[in-house]
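Novice:
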Amino acid sequence: MAFLVTLLLYSLILIPLSLLLLRKLRYRRLRLPPGSLGLPFIGETLQLISAYKSDNPEPFIDQRVSRYGSVFTTHVFGEPTVFSADPEINRFILLNEGKLLDCSYPGSISNLLGKHSLLLMKGALHKRMHSLTMSFANSAIIKDHLLLDIDRLIRLNLDSWTGRVLLMEEAKKITFELTVKQLMSLDPGEWSENLRKEYVLVIEGFFTLPLPLLSTTYRRAIKARTKVAEALSLVVKQRRKESEKMNDMLGALLASGDHFHDDQIVDFMLALLVAGYETTSTIITLAVKFLTDTPLALAHLKEEHDKIRAKKSDPEAALEWSDYKSMPFTQCVVHETLRVGNIISGIFRRANTDINIKGYTIPKGWKVFASFRAVHLNTRHFKDARTFNPWRWQNNSEGGNVYTPFGGGPRLCPGFELARVVLSVFLHRFVTQFSWETAEEDKLVFFPTTRTQKRYPIIVKPRDEATLAR
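Numbers 1 to 470, taken from the UniProt record's numbering, label the letters of the sequence shown in order.
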């Protein structure tokens, strides 16, 4: 009996060690990108999180790029990972989604969004659902159906602003109401505001240890996720009973030939609400912050929007599509905000097979992180890359392969055009209605998501009507 116990113990120790040694021997035969795997189990996760919790996350990547080159090996969130700060490799990663690589996110994000979310879908189903989502956020739909609601809801919110305002908080209210309206045709009210507060808790749990017993933040996020799912489920059930088909995303899902179950629709809608609400509100806040810090750009922007308002006989007239298309400098501001702000810092993928690229091998099963931020803030690709300079886009509206604020390939953000329109309309209403100043100093932090530390407090005052008349 003692012999069997001893044999079992040796097996429990030797088998994992043997597998680890075999894996290390295999990796030595491959030409891995240079780098360090850091401490056992922890890797370099603590260094990464520490950098992104500060207002200057660049050193984590900059130091490694300086030492190892634009592609390096590290170990974060429990797995060996190849980081790419190379635009060509990033493009390769984006275009080979579903072929050589698959999307892969930390377990906390996967659990909180749900297995039926667009982010986690694969193959033909993802292609269909991505196309469906884009069909509700393309230029034609925005022009004919959404622009009026966008303008109306933004004006409704701004009309209540007075004195001290937490811009990021107010921007979140606006974008959440817009997303709820677009997805479910529901107007803002107590229900949507209560739902939004639960979403805040869900998002806080995105980059936590996915163990409820060990992480209070994750435990709160799971509870909030349950409440959100229950609220959305009631909406889905009610809509199934109604005979009239609504022309919104929920209506399209209910009418789909895929015959989705309620839990599938809830996961899908829950994730779209996160995407539409969190990122766009951050873009709005950063645009105002960058403009406030760059007075010449703000003056140029105000001049453009004052001209648009001056052409209208009714000062309360709604914005039209032709107005949106006559905002060239605004589009420069949008491009530059996305480049400097990097709402999407990058994307994780997992290699389905050994991948050979630029003389290196990315082993099967390893994670890959394509860093958009590292490319956008690289002086080899953008002059004075860490300076907010909207004028750089006046003769370069696309940015080529080095500009990927919305990702690319099969997983290009389906709401990219909608986000640009919402930001443009907000800036129009904001700069023509208010003058403002910062209430206190605030700074950017980047973990778990990009945001301002104090929610960007400002003091707003109605603009002098005489200013607009000049």
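Backbone N, C-alpha and C define an ideal beta-carbon position, used for all residues, glycine too.
Would LEU178 and THR280 qualify as a contact pair, given that the criterion is a beta-carbon distance under 9 Å?
Specialist: Yes.
Novice: Could you pull out every residue in the same chain whose Cβ sits closer than 7 Å to the Cβ of MET184, ignoring the five residues on either side in sequence?
Specialist: Once the five neighbours on either side are set aside, the close Cβ partners of MET184 are VAL235, ASP248 and LEU250.
Novice: Beta-carbon within less than 8 Å of LEU158's beta-carbon, same chain only, minus the 5 sequence neighbours each way: which residues are those?
Specialist: Here the set comprises ARG429, PHE430, GLN433 and PHE434.
Novice: What residue range does the alpha helix (DSSP H) around LEU319 cover?
Specialist: It is not in any alpha helix (DSSP H) - LEU319 carries neither H nor E in the DSSP assignment.
Novice: Is it buried or exposed, PRO414, if we count other Cβ atoms within 10 angstroms and call 16 or more buried?
Specialist: The residue is buried, with at least 16 neighbouring Cβ atoms inside 10 Å.
Novice: How about THR74 and GLY107: do their beta carbons lie closer than 9 Å?
Specialist: Going by C-beta atoms, THR74 is not nearer than 9 Å to GLY107.
Novice: List the endpoints of the continuous beta strand (DSSP E) containing CYS332.
Specialist: Where CYS332 is concerned, there is no enclosing beta strand (DSSP E), although the alpha helix (DSSP H) it sits in stretches over 328-341.
Novice: Skipping 5 residues on each side, what residues in its chain have a beta carbon closer than 6 Å to that of GLU79?
Specialist: Around GLU79: LYS367.
Novice: Within the continuous alpha helix (DSSP H) that includes LYS173, where are the two ends?
Specialist: From DSSP, the alpha helix (DSSP H) with LYS173 extends over 167-184.
Novice: DSSP on SER256, reduced to helix/strand/coil?
Specialist: SER256: coil per DSSP, three-state reduction.
Novice: Using only CA atoms, which one of LEU232, THR162, ASP293 and SER371 lies nearest to ARG196?
Specialist: When only C-alpha atoms are compared, the closest one is LEU232.
Novice: With a cut-off of 8 Å on the beta carbons, I'd call LEU377 and ILE142 a contact; round off their distance for me.
Specialist: Their Cβ separation, rounded to whole angstroms, is 30 Å, which puts LEU377 and ILE142 out of contact at 8 Å.
Novice: Taking 9 Å as the threshold (C-beta atoms), are VAL425 and ASP62 in contact?
Specialist: No. Outside cutoff.
Novice: DSSP on GLN75, reduced to helix/strand/coil?
Specialist: Reading the sequence as shown, one finds His at residue 75 and not Gln. Of the three classes helix, strand and coil, the one that applies to HIS75 here is strand, per DSSP.
Novice: Helix, strand or coil for TYR360, going by three-state DSSP, please let me know.
Specialist: Here TYR360 sits in strand by DSSP.
Novice: Drop a sphere of 10 angstroms on the beta-carbon of ARG380, count the other beta-carbons inside from all chains shown, and report buried for 16 or more, exposed for fewer.
Specialist: Looking at its Cβ environment, which holds fewer than 16 other Cβ atoms inside 10 Å, ARG380 is exposed.
Novice: Which first and last residues belong to the beta strand (DSSP E) in which ARG349 is found?
Specialist: Run containing ARG349: 346-351, per the beta strand (DSSP E) assignment.
Novice: Rounding to the nearest angstrom, what Cα-Cα distance links residue 486 and SER313 in this structure?
Specialist: Coverage of the chain is limited to positions 1 through 470, which leaves residue 486 absent and any answer about it impossible.
Novice: With a cut-off of 8 Å on the beta carbons, I'd call ALA271 and LEU119 a contact; round off their distance for me.
Specialist: About 6 Å; that satisfies the 8 Å criterion.
Novice: List, from N- to C-terminal side, the alpha helix (DSSP H) runs of 4 residues or more that fit wholly inside the region 278-317.
Specialist: Entirely contained in the region 278-317, the alpha helix (DSSP H) runs reaching 4 residues are, in chain order, 295-310.
Novice: Compare the Cα-Cα distances from SER289 to each of LEU166, ASN395, GLU304 and GLU44 and report the closest residue.
Specialist: In the sequence under discussion, the amino acid at residue 289 is Lys, which differs from the Ser named in the question. If we check each option's Cα against that of LYS289, LEU166 comes out closest.
Novice: Counting only the same chain and skipping the five closest in sequence on each side, list residues whose C-beta sits under 6 Å from that of LEU291.
Specialist: Within the same chain, LEU291 has close Cβ partners ALA297 and LEU298.
Novice: Could you say if the region 445-456 and the region 316-326 meet the contact criterion of at least three C-beta pairs nearer than 8 Å?
Specialist: The answer is no - the region 316-326 does not touch the region 445-456, with fewer than three Cβ pairs under 8 Å.
Novice: In three-state DSSP terms, what is PRO414?
Specialist: Residue state, collapsed to three classes: coil.
Novice: From LEU427, PHE416, ASP442 and ALA439, pick the residue whose C-alpha is nearest to that of PHE136; which is it?
Specialist: Minimum Cα distance to PHE136 is reached at PHE416.
Novice: Helix, strand or coil for ARG380 per DSSP?
Specialist: Note: ARG380 maps to coil in three-state DSSP.
Novice: Measure the C-alpha to C-alpha separation of residue 473 and LEU201 and round it to an integer number of angstroms.
Specialist: Absent from the structure is residue 473, since the part of the chain shown begins at 1 and ends at 470.
Novice: Counting only the same chain and skipping the five closest in sequence on each side, list residues whose C-beta sits under 6 Å from that of PRO448.
Specialist: Around PRO448: PHE206 and PHE207.
Novice: So, with DSSP's three-state summary, where would you put LEU164?
Specialist: Here residue 164 turns out to be Arg, not Leu, going by the sequence shown. ARG164: strand per DSSP, three-state reduction.
Novice: Select from ASN56, CYS103, ILE89 and VAL76 the residue whose C-alpha is nearest the C-alpha of PRO410.
Specialist: For the residues ASN56, CYS103, ILE89 and VAL76, the minimum Cα distance to PRO410 belongs to CYS103.
Novice: Beta strand (DSSP E) containing PRO462: first to last residue?
Specialist: That run of the beta strand (DSSP E) goes 457-462.
Novice: Return the residue from the list GLN394, GLY408, HIS126 and MET269 that minimises the CA-CA distance to GLU88.
Specialist: For the residues GLN394, GLY408, HIS126 and MET269, the minimum Cα distance to GLU88 belongs to GLY408.
Novice: Residues bridged to TRP436 by DSSP?
Specialist: According to DSSP, TRP436 bridges with VAL460.
Novice: Could you give the distance in angstroms between the alpha-carbon of VAL334 and the alpha-carbon of SER345?
Specialist: Roughly 17 Å separates the two Cα atoms.
Novice: Am I right that LEU423 and ILE284 are in contact with their C-beta atoms under 8 Å? What's the rounded C-beta distance?
Specialist: About 6 Å; that satisfies the 8 Å criterion.
Novice: Return helix, strand or coil for residue 472, following the three-state DSSP convention.
Specialist: This structure cannot speak to residue 472, because the chain is shown only from 1 to 470.
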